[in-house]
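Numbers 175 to 929, taken from our numbering, label the letters of the sequence shown in order.
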Amino acid sequence: MTVGPNQTETNVVNGNQKLPRLQIIDGSQNFTNDLQRFMKDEWHLADHGFNYNLVAVFGSQSTGKSTLLNRLFGTDFDVMSETARRQTTKGIWMSRGKDMDVLIMDVEGTDGRERGEDQDFERKSALFSMATSNVIIVNLWEHQVGLYNGANMGLLKTVFEVNLQLFQAARGKEKTLLFFVVRDHVGTTPLANLSATLTADLERIWDGVAKPEGLESCKIGDYFDTMFTGLPHKVLLPEKFDQEAIKLRERFTNPNNKDFVFKPNYSKRVPADGFHVYAGGIWDQIMANKDLDLPTQQELLAQYRCDEIASVAFEAFSAKIKGFRQPIESGKVLEDLGPQMEEIRNTAIKHFDKDASRYHAEVYKRKRAEILNKTNSTLHVFYLGQLKNLTKKALTTFKTIVQERLKGDKYDFAEVVMEARQKSEGLFLEGAKAIVLTETDWSYDEDYYQLQEEISEIAARSRVEETKKMVKALEKSFENQVNEHIGLYLNKPSPDMWSKILTKYKSIRDSIEDQLLKKAKSFNSTEEENSQSVHNFRKRSWQILRKKIDDEVADNVFLLKLRERFEEKFRYDDAGVPKVWKPEDDIDTPFRKAREEAIELLSDVDLGVSSDEEMDFEETLVVFSETRQHDLTTRFKRESDAFYLEAKRSVVATQARIPVYVYLFMLALGWNELMSILFSPTYLILFSFIGVLLTVIYYLNLFGPLESFIRLVVSEFLGLGREKVTGYIEEKGYPKVAERVAKILGEDPKKLKTN
Ligand SMILES: Nc1nc2c(ncn2[C@@H]2O[C@H](COP(=O)(O)OP(=O)(O)OP(=O)(O)O)[C@@H](O)[C@H]2O)c(=O)[nH]1
Numbered sequence: 175m176t177v178g179p180n181q182t183e184t185n186v187v188n189g190n191q192k193l194p195r196l197q198i199i200d201g202s203q204n205f206t207n208d209l210q211r212f213m214k215d216e217w218h219l220a221d222h223g224f225n226y227n228l229v230a231v232f233g234s235q236s237t238g239k240s241t242l243l244n245r246l247f248g249t250d251f252d253v254m255s256e257t258a259r260r261q262t263t264k265g266i267w268m269s270r271g272k273d274m275d276v277l278i279m280d281v282e283g284t285d286g287r288e289r290g291e292d293q294d295f296e297r298k299s300a301l302f303s304m305a306t307s308n309v310i311i312v313n314l315w316e317h318q319v320g321l322y323n324g325a326n327m328g329l330l331k332t333v334f335e336v337n338l339q340l341f342q343a344a345r346g347k348e349k350t351l352l353f354f355v356v357r358d359h360v361g362t363t364p365l366a367n368l369s370a371t372l373t374a375d376l377e378r379i380w381d382g383v384a385k386p387e388g389l390e391s392c393k394i395g396d397y398f399d400t401m402f403t404g405l406p407h408k409v410l411l412p413e414k415f416d417q418e419a420i421k422l423r424e425r426f427t428n429p430n431n432k433d434f435v436f437k438p439n440y441s442k443r444v445p446a447d448g449f450h451v452y453a454g455g456i457w458d459q460i461m462a463n464k465d466l467d468l469p470t471q472q473e474l475l476a477q478y479r480c481d482e483i484a485s486v487a488f489e490a491f492s493a494k495i496k497g498f499r500q501p502i503e504s505g506k507v508l509e510d511l512g513p514q515m516e517e518i519r520n521t522a523i524k525h526f527d528k529d530a531s532r533y534h535a536e537v538y539k540r541k542r543a544e545i546l547n548k549t550n551s552t553l554h555v556f557y558l559g560q561l562k563n564l565t566k567k568a569l570t571t572f573k574t575i576v577q578e579r580l581k582g583d584k585y586d587f588a589e590v591v592m593e594a595r596q597k598s599e600g601l602f603l604e605g606a607k608a609i610v611l612t613e614t615d616w617s618y619d620e621d622y623y624q625l626q627e628e629i630s631e632i633a634a635r636s637r638v639e640e641t642k643k644m645v646k647a648l649e650k651s652f653e654n655q656v657n658e659h660i661g662l663y664l665n666k667p668s669p670d671m672w673s674k675i676l677t678k679y680k681s682i683r684d685s686i687e688d689q690l691l692k693k694a695k696s697f698n699s700t701e702e703e704n705s706q707s708v709h710n711f712r713k714r715s716w717q718i719l720r721k722k723i724d725d726e727v728a729d730n731v732f733l734l735k736l737r738e739r740f741e742e743k744f745r746y747d748d749a750g751v752p753k754v755w756k757p758e759d760d761i762d763t764p765f766r767k768a769r770e771e772a773i774e775l776l777s778d779v780d781l782g783v784s785s786d787e788e789m790d791f792e793e794t795l796v797v798f799s800e801t802r803q804h805d806l807t808t809r810f811k812r813e814s815d816a817f818y819l820e821a822k823r824s825v826v827a828t829q830a831r832i833p834v835y836v837y838l839f840m841l842a843l844g845w846n847e848l849m850s851i852l853f854s855p856t857y858l859i860l861f862s863f864i865g866v867l868l869t870v871i872y873y874l875n876l877f878g879p880l881e882s883f884i885r886l887v888v889s890e891f892l893g894l895g896r897e898k899v900t901g902y903i904e905e906k907g908y909p910k911v912a913e914r915v916a917k918i919l920g921e922d923p924k925k926l927k928t929n
């Protein structure tokens with residue numbers, strides 16, 4: 175059966191599942207596009223890494239190559255029909271060995287009987303096979319041994335030349351096994367002799383191969399191992415052929431066999447998942463007739479595959495980190511972000527390592543650094559976002575703690591700030607450390623520094639506010655004390671009250687200043703700030719005192735105080751009982767004294783702090799200026815004069831006595847009336863009552879009120895009379911009344927009317 179370009183075959187024949195095979199290079203020398211799929215889906219070798227081997231078979235056409243391969247590896251390569259006898263294998267076919275991790279290449283026969291001009295395919299396929307295979311089976315008839323052309327020695331020369339081109343640098347390290355299978359071995363010539371002949375031929379060919387510079391003395395054994403075996407005639411001795419074929423298969427399948435063919439140093443170190451790229455690249459190079467530089471090819475393969483692997487790993491990585499974006503952008507601090515990022519990134523790198531580490535070490539290292547860098551850069555965005563959110567959270571924590579702690583009365587501001595700072599910075603540092611991934615140079619120093627700066631700014635602002643609040647509270651306390659104590663002095667004025675006020679003022683002020691300095695310590699204030707605060711407070715305290723004094727010495731208020739003080743002295747005795755002036759009493763002296771004592775309060779008061787205290791504000795208070803003193807004195811004198819007159823009047827009232835002789839005269843005149851009264855019980859009781867009443871009025875000094883009362887009664891009485899008259903006039907009518915009036919007056923009523 176002749177198969178067309180890049181044929182694939184996976185069908186079932188005679189009820190048996192045929193092993194899938196692929197024409198990787200067709201008769202027109204095109205490389206297949208299906209190799210990756212076959213490696214993965216048909217042969218299931220893609221994930222085998224280096225754990226697979228590759229065998230190619232060389233030999234003249236129709237020498238039973240395909241038959242041999244099918245026997246050894248259970249493959250289903252086409253075998254030439256016994257009757258047709260024409261070339262079967264075109265190009266290069268590939269199959270996986272049955273139940274073996276081995277790829278087998280059935281290469282087109284080498285003598286090109288049907289190929290004609292296309293002789294160079296031989297060299298190309300040799301190059302390709304050498305670049306990819308661990309073992310090369312050289313298939314030849316027994317009768318060809320010793321015949322240069324017949325034994326395909328021309329092909330071997332090509333193989334040697336190609337090998338030197340490809341593997342000169344790997345001398346002694348990497349080798350290829352040349353496995354000679356002598357077909358139709360009759361046995362007349364022992365295998366040992368045949369081997370010797372072949373070895374001698376190989377040496378001869380090797381010697382004839384032009385060696386690259388520096389490798390002139392290299393031996394065939396530096397690059398090749400050789401093995402020889404013979405197989406009986408398949409047609410004449412089929413049973414023996416079968417037995418030997420089974421034995422031979424053992425050497426390919428059983429690693430414990432002493433002649434096991436696959437040795438580690440035969441491997442071309444192409445990971446299975448990159449084989450399709452590598453093989454394709456090699457064939458492209460061969461077709462382009464370029465020097466086939468295997469290390470470069472391996473590097474190219476590594477680059478290609480590492481990129482592919484990295485891309486798959488990165489895709490999976492990207493899908494996993496998607497969920498971070500939204501919450502971080504919305505300002506959330508994600509718990510476990512660090513461990514999660516580390517885990518996702520490490521999984522991606524592990525994935526990469528697993529598949530890519532088989533490739534060219536330098537390329538793998540470089541590509542690993544690239545994907546590490548790429549994943550780290552991607553995660554760095556989340557790292558920065560989380561840092562930003564952490565900074566915000568730390569600042570909020572700081573503000574909240576400070577606000578909460580400052581709510582109470584007793585707090586040490588510096589302690590509060592320190593505690594809040596420790597907590598918020600601790601929160602930041604803990605969170606920041608947790609998101610720094612290994613194998614990164616991520617640093618949060620700058621953010622930490624910024625946070626510290628912002629905390630300091632907030633603390634400074636808060637300190638200013640709290641200081642203001644504290645000063646205000648102390649001023650209020652000062653004001654309350656001034657109102658209480660100094661108000662007391664001013665309510666009970668005395669000549670020494672001003673000095674008392676000043677002393678008290680200083681003592682209150684000093685005590686508040688002490689408190690101010692104590693509190694200021696907790697605010698970590700500087701000396702300069704402290705002295706400024708004290709200065710401001712003094713100024714304010716002085717203003718408070720002045721206001722209090724100003725209020726208390728306002729004209730009317732102070733006049734009242736003067737009057738009270740005067741009255742206290744003048745109208746009350748020492749026991750606080752109101753004085754009743756008697757004619758013999760001296761009114762003038764107590765009046766003068768009381769007035770002088772009151773006026774004393776208006777004496778020059780130059781209230782001020784001591785001159786040794788430096789103040790840049792108006793530090794004295796002239797309570798009563800000369801003009802005010804004069805004005806208040808005059809007004810007070812006027813008021814006090816009224817009291818004097820009242821006192822005098824009360825004395826005059828009691829002093830207006832009738833002389834004794836008048837009484838005697840009246841007694842003589844009214845003797846009879848007196849007697850009648852004395853002897854009339856009614857009169858006696860009446861007069862005694864009136865007498866007692868008058869005495870009480872006299873002693874209680876109630877003549878004034880009595881007089882007022884009488885006046886009130888009289889005026890009421892007159893008012894009543896007037897009402898009666900008006901009522902009468904209204905009732906009787908005016909003309910009649912006029913007539914009556916005219917009659918009484920003796921006038922003409924008409925005249926009166928007109929008037
Ligand atoms: N005498 C002899 N004939 C064999 C042997 N093995 C196979 N044949 C026959 O040789 C012929 C060619 O067999 P293939 O296996 O197709 O040979 P080939 O080398 O793969 O042929 P091409 O692919 O065309 O190069 C077939 O008719 C086989 O039956 C053998 O050991 N001895």
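Even glycine gets a Cβ: it sits at the ideal position worked out from N, Cα and C.
- Within the chosen limit of 7 angstroms, ligand 1 does not reach the beta carbon of V229 with any heavy atom.
- Taking C-beta atoms as the reference points, F398 and L329 fail to come closer than 8 angstroms.
- By the Cβ test, the stretch 722-741 is in contact with the stretch 797-816, since at least three Cβ pairs between them sit closer than 8 angstroms.
- Contact between L219 and D208 does not hold, since the beta-carbon distance rounds to 14 angstroms and is not under 8 angstroms.
- The beta carbon of I575 is closer than 8 angstroms to those of V590, E593, A594, K597, S598 in its chain, skipping five residues each way along the sequence.
- For Q339, there is no enclosing beta strand (DSSP E); the residue is part of the alpha helix (DSSP H) that begins and ends at 327-341.
- Nearest C-alpha to Q472 among V610, Y533, A300: Y533.
- The Cβ neighbour count for S707, taken over all protein chains shown within 10 Å, is at least 16; the residue is labelled buried.
- The beta-carbon distance between G238 and K408, rounded to whole angstroms, is 7 angstroms. This is short enough to meet the 8 angstroms contact definition.
- For F354, the Cβ stays outside the 7 angstroms cut-off from all heavy atoms of ligand 1.
- Here DSSP, grouped into helix, strand and coil, assigns W267 to strand.
- Contact check for T332 and E387: beta-carbon distance about 21 angstroms, past the 8 angstroms limit, so the pair fails to qualify.
- Secondary structure at W845: helix, using DSSP grouped into helix, strand and coil.
- Residue side-chain check: M254 places its Cβ nearer than 7 angstroms to a non-hydrogen atom of ligand 1.
- Three or more Cβ pairs closer than 8 angstroms define a contact, and the stretch 500-508 falls short of that threshold against the stretch 407-422.
- The shortest CA-to-CA distance from Q318 to any of K674, L372, G559, D447 is the one to L372.
- For W267, the closest of L338, D200, D275, L601 by C-alpha to C-alpha distance is D200.
- In the structure shown, G223 falls within a coil segment according to DSSP collapsed to helix, strand and coil.
- Taking a 10 Å sphere around the C-beta of K264, we find 16 or more other C-beta atoms and assign the residue as buried.
- The nearest non-hydrogen atom of ligand 1 is less than 7 angstroms from the C-beta of F415.
- By the Cβ neighbour-count rule, N846 is exposed, with fewer than 16 other Cβ atoms within 10 Å of its own.
- Taken from the Cβ of L329, every heavy atom of ligand 1 lies 7 angstroms or farther away.
- The beta-carbon separation of L277 and L228, rounded to 5 angstroms, stays under the 8 angstroms limit for a contact.
- Burial check for E335: the Cβ neighbour count within 10 Å reaches 16 or more, so the residue is buried.
- At the C-beta level, L352 and T400 come within 8 angstroms of one another.
- Relative to the non-hydrogen atoms of ligand 1, the Cβ of H317 never comes closer than 7 angstroms to any of them.
- Judged by DSSP secondary structure, F354 falls within the beta strand (DSSP E) whose first and last residues are 350-357.
- Looking at the backbone, the Cα of A694 and that of R714 are separated by about 17 angstroms.
- In the three-state DSSP reduction, Q197 falls in the strand class (E or B).
- One alpha carbon belongs to L819, the other to N875, and they sit about 16 angstroms apart.
- Across the structure, R737 and K680 are spaced so that their CA atoms are roughly 30 angstroms apart.
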